[in-house]
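In the numbering used here, the protein residues as written are 180 to 816.
Note that beta-carbon positions come from the ideal geometry of N, C-alpha and C, so glycine has one too.
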RNA sequence: GCCGGUUUAGCUCAGCUGGUAGAGCACCUGAUUUGUAAUCAGGGGGUCACGGGUUCGAAUCCUGUAACCGGCACCA
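The structure is reproduced here in structure tokens:
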């Protein structure tokens, strides 16, 4: 007897082994038709997997959140089958489901072309129409290795070969295609449906290692129905519309050019935005008892040797040899310089914690392929600070930092923030004991700050563990911005010390921390998050005063002057154009407030206010408008 | 850095198999004084990314370089 407990608590008993499909059929033909897989005691299995003992069973249908993963995994297999049919000389490697879709990596001497993608996609539809059953087979490892070697699939054979000997593995067969796979899979290729699309071609290293050969990766997206697919494609279009590179040009915020690859030319409007962010951050730092410093751009290479950067990061540093043969580096980070300030004079425990901030301009020679708009550049400015403190102060400083960070993100319109805890990497400085201590201190501090963290194993900095703060933007994309890193190595290397209460000489701990990360990147994120429609306090131009007739010019000028005198960023539009034209232009330019002034308003001393995105207008007396707008344009905090 | 792609007017793009460049928008000028998302008419503007080569002739074919785009790797 096999007793199957269903999610509603009902128990069904069967005389012998059954499959999930049997149970679903038993419950009803509708469910049997919708069934894609089963969850047995919480674990996802094939619909046709045998159930030979008592268990809890749930039938998985398209409504289940993780059913999409199954679908996408199947899509990867169907794509691989299509590729093997069309290009038999191609070797298959791996093809997992990923967020929004799937990919498969292929090995072949000649790369795929965009035309190949169309052929492959068409063939995938044929395979779906064939509705080939997908069957799971158990194989002996060595037999599987031999089998794939005989097929000339050396990558597959290598993967299976790295599975411990003697273990039974599963292969999935659909039509003539057979692949190593842990499963589970849908019952047949027909279940994939039609809502999929191949998206792009890319190179990818075998086993993710740049020293290995490069494979051809094909990315696709897959959904249960066309509506979801279309929604996803629309979302991609939306993302493209708010691309910071496009908006940067359209809104004349900045530009980039070949002669300064990886740098930003900030135009007046972009720089206004930048300064609004910088001014806000400066006020927040002052309110949180930081001191601000400014350190040199060019520093003798010996300091980087002492700090340890020369060993590990020399390739990323811009270096200069002067006419008199001095070897300098443009600073890639600020910490060694901050330690130099700390080291001036004698520090006492009474000076700690010392929170030293700098809007530090740094240069790193990023690999050419890494550059991306203003998000990944070679010249950038960090909202950097180093907190010199005692071990006992780590917790309080971490708690205070997390609080500040949360407020800042919220002020910029980000409320969904996740936290990752990155522990010791393989390549690191410092003893295991000191790492034990630093990791313990940071994780208990994170707990004290009330953070829920997910572990990011081995991703810590070489000098210490870190917390990484990831914020989610308006269209659901994640951006890692803030960081807090415990550093027990640098104070030692650069000989930073303070005099303790008992007169002994001690090493401070350094907390490296940033909230925005880099201004350039954060501004890129801000642009995309707001789609260029900034809140008042950030908008480069907050108000445009536009006239309907030239008789209103004098009054419009007066309105603008009044607002400007109160600190608002105002422009006038006195051109000889129709008001429709002006409304459209300033709307397209994403100016939050348009004040329209015609003959009536000029006579009455009023303005007609129109907000971006709303066709409504409100006629207000000048005084009232000034107060209202000043209040709205006030930066937070 | 690696794989693939792209580079034509300020922007978006067209230019078939080689015969010395086009459109829309933007810009400039003129007319229009206009009531809430594009008024009309005229005009100017391009060493076709850069360097080599093939050819009587190259935006177009070959080749090298750079930047950019999409991934991969990297991200102290």
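#1: Going by the CB atoms, is the gap between residue 731 and residue 780 shorter than 9 Å?
#2: May I have the straight-line CA-CA distance separating residue 559 from residue 184, to the nearest angstrom?
#3: Taking the DSSP output, what are the residues bridged to residue 527?
#4: In the DSSP assignment, find the alpha helix (DSSP H) that holds residue 303 and state where it starts and stops.
#5: Tell me whether residue 682 is buried or exposed, calling it buried when 16 or more other Cβ atoms sit within 10 Å of its Cβ.
#6: Which residues mark the beginning and the end of the beta strand (DSSP E) in which residue 641 is found?
#7: Under 7 Å Cβ to Cβ from residue 298, same chain only, skipping five residues before and after it: list those, please.
#8: Let me make sure I understand the geometry here. Which of 791, 201, 700 and 783 has the alpha-carbon closest to that of residue 443?
#9: Residue 362 and residue 307 look like a contact to me (Cβ under 8 Å); what is the Cβ gap, rounded to whole Å?
#10: Ignore the nearest five residues each way along the sequence and tell me which others in residue 424's own chain have a CB closer than 7 Å to its CB.
#11: Check residue 141 in the structure and name its three-state DSSP category.
#12: Going by the beta-carbon positions, is the gap between residue 313 and residue 253 smaller than 9 Å?
#13: Per the DSSP calculation, residue 776 is bridged to which residue(s)?
#14: State the start and end residues of the unbroken beta strand (DSSP E) segment that holds residue 315.
#15: Using the rule of at least 16 other Cβ atoms within 10 Å of the residue's Cβ for burial, across every protein chain shown, is residue 727 buried or exposed?
#16: Taking the beta carbon of residue 760 as the centre, do at least 16 other beta carbons fall within 10 Å, making it buried, or is it exposed?
#17: With 16 as the cutoff for other CB atoms within 10 Å, does residue 771 come out buried or exposed?
#18: Let me know the secondary structure DSSP gives residue 445 once reduced to three states.
#19: Per DSSP, what kind of secondary structure is residue 462 in: helix, strand or coil?
#20: For residue 463, collect the residues of the same chain with a Cβ closer than 8 Å to its Cβ; drop the 5 residues on either side in sequence, then sort them by chain order.
#21: Compute the beta-carbon to beta-carbon distance between residue 668 and residue 608, rounded to the nearest angstrom, for a pair I have assumed lies under 8 Å.
#22: Below 6 Å CB to CB, which residues in the same chain sit around residue 194 once its five sequence neighbours on both sides are set aside?
#23: For a minimum of 3 consecutive residues, which ranges assigned as the beta strand (DSSP E) are wholly contained in the segment 327 to 390?
#24: For residue 267 and residue 399, what's the separation of their Cα atoms in angstroms?
#25: Tell me whether the beta-carbon of residue 335 lies closer than 9 Å to the beta-carbon of residue 272.
#26: Looking at the structure shown, is residue 270 part of a helix, part of a strand, or coil, going by DSSP?
#27: If you follow the beta strand (DSSP E) that residue 192 is part of, which residue opens it and which one closes it?
#28: Can you tell me which of the three DSSP states residue 456 falls into?
#29: Looking at residue 372: is its Cβ nearer than 9 Å to the Cβ of residue 404?
#30: Pick out whichever of 465, 503 and 492 has its Cα sitting closest to the Cα of residue 537.
#31: Could you name the residues that DSSP lists as bridge partners for residue 197?
#32: Near residue 652, what residues of its chain come up, given a Cβ to Cβ distance below 6 Å and the 5 sequence neighbours on each side ignored?
#33: Going straight from the alpha carbon of residue 433 to that of residue 497, what length do you get?
#34: In chain order, which alpha helix (DSSP H) runs of at least 4 residues are fully inside the segment 739 to 787?
#35: Determine the contact status of residue 820 and residue 518, defining contact as a CB-CB distance below 9 Å.
#36: In chain order, what are the residue ranges of uninterrupted beta strand (DSSP E) at least 3 long that sit wholly in the segment 466 to 530?
On the basis of the data shown:
#1: In this structure, residue 780 lies near residue 731, with their beta-carbon atoms less than 9 Å apart.
#2: Going by the C-alpha atoms only, they are around 59 Å apart.
#3: Beta-bridge partners assigned by DSSP to residue 527: 678.
#4: Residue 303 -> alpha helix (DSSP H) spans 293 to 309.
#5: A residue is called buried once 16 or more other Cβ atoms fall within 10 Å of its Cβ, and residue 682, having fewer, is exposed.
#6: It is not in any beta strand (DSSP E) - residue 641 carries neither H nor E in the DSSP assignment.
#7: Here the set comprises 265.
#8: Closest option to residue 443, Cα to Cα, is 700.
#9: 19 Å between Cβ atoms; not a contact.
#10: Within the same chain, Cβ atoms closer than 7 Å to the Cβ of residue 424 are found at 552, the five residues on either side in sequence being excluded.
#11: With the chain represented from 180 up to 816, any question about residue 141 goes unanswered, as that position is not in the structure.
#12: Taking C-beta atoms as the reference points, residue 313 and residue 253 count as a pair closer than 9 Å.
#13: Beta-bridge pairing links residue 776 to 726.
#14: Here the beta strand (DSSP E) through residue 315 covers 313 to 319.
#15: By the neighbour-count rule (16 or more Cβ atoms within 10 Å), residue 727 is buried.
#16: By the 16-neighbour rule on beta-carbons within 10 angstroms, residue 760 is exposed.
#17: Answer is buried; the Cβ neighbour count reaches 16.
#18: DSSP, reduced to helix, strand and coil, places residue 445 within a strand of the structure shown.
#19: In this structure, residue 462 counts as helix in the three-state DSSP scheme.
#20: So the qualifying residues of the chain are 583, 586, 587 and 816.
#21: Between residue 608 and residue 668 the Cβ distance is about 5 Å, and since that is below 8 Å, they are a contact.
#22: No residues qualify anywhere along the chain.
#23: Annotation: the segment 327 to 390 contains the following complete segments of the beta strand (DSSP E) (minimum length 3 residues), in chain order: 347 to 353, 356 to 359 and 375 to 384.
#24: If you draw a straight line from the Cα of residue 267 to the Cα of residue 399, it is about 21 Å long.
#25: Yes, Cβ-Cβ distance for residue 335 and residue 272 is below 9 Å.
#26: Residue state, collapsed to three classes: strand.
#27: Residue 192 -> beta strand (DSSP E) spans 190 to 193.
#28: In the displayed model, residue 456 falls within a helix according to three-state DSSP.
#29: Cβ distance < 9 Å, so residue 372 and residue 404 count as in contact.
#30: Comparing alpha carbon positions, the residue from 465, 503 and 492 closest to residue 537 is 465.
#31: Within the DSSP bridge table, the entry for residue 197 names 230 as partners.
#32: So the qualifying residues of the chain are 708.
#33: One C-alpha to the other measures close to 24 Å.
#34: The segment 739 to 787 is shown to contain whole alpha helix (DSSP H) runs of 4 or more residues at 758 to 767 and 778 to 783, in chain order.
#35: It is not possible to answer for residue 820, since the shown part of the chain is limited to 180 through 816.
#36: Counting whole runs of 3 or more residues, the segment 466 to 530 contains the beta strand (DSSP E) stretches 477 to 479, 498 to 500 and 506 to 509.
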